[in-house]
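Counting from 1, position 45 in the sequence shown corresponds to residue 45 in full-length UniProt numbering; the numbering is continuous, with no gaps. Yeah, the Cβ is synthetic: ideal placement off N, Cα and C, and Gly gets one too. Written below as structure tokens is the structure these notes are about.
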Amino acid sequence: MSQKFQEIIDSERPVLIDFFATWCQPCKVQSSVLNTVKENVGEGARIIKVDVDQYPAIAAQYGVRGVPTLAIFKKGEMLWKESGVHDVNTLTQLLKQYA
């Protein structure tokens, strides 16, 4: 996964990574928000989910200490990272800003 993950975040278009856990209730809320964000940004950005229980090394590499944690990457560089649930408008604006 780490090689594939690197290829994903090296993208020219922004990539929003949702670090989540299946047992996390706020993560489920964030997931439904991300569906709307995806509709808003279309092909302008990608949204990828990473289960921290399945890929703890990737979570640790990027300093994910709590879930949900969202991060935006472009050309391999982390441009933004924050923990907690975020609203549709904030995430849509961020992705359009980095597009």
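The alpha carbon of D51 has as its nearest neighbour, out of T36, V67, E43, the alpha carbon of V67.
Here DSSP, grouped into helix, strand and coil, assigns E82 to strand. Residue burial annotation: V41 is buried, with at least 16 other C-beta atoms found within 10 angstroms of its C-beta. Burial is judged here by how many other beta carbons sit within 10 angstroms of a residue's own beta carbon; V15 has at least 16 and is buried.
Secondary structure at A71: strand, using DSSP grouped into helix, strand and coil.
Restricted to the region 8-76, the alpha helix (DSSP H) segments that are unbroken, complete and at least 4 residues in length are 25-41, 56-61, listed in chain order. Between the beta-carbon of V37 and that of T92 there is about 5 Å, and that keeps the pair under the 8 Å contact cut. The Cβ-Cβ distance between D18 and L70 falls below 7 Å.
Contact between R65 and S11 is ruled out by a C-beta separation of about 25 Å, above the 8 Å threshold.
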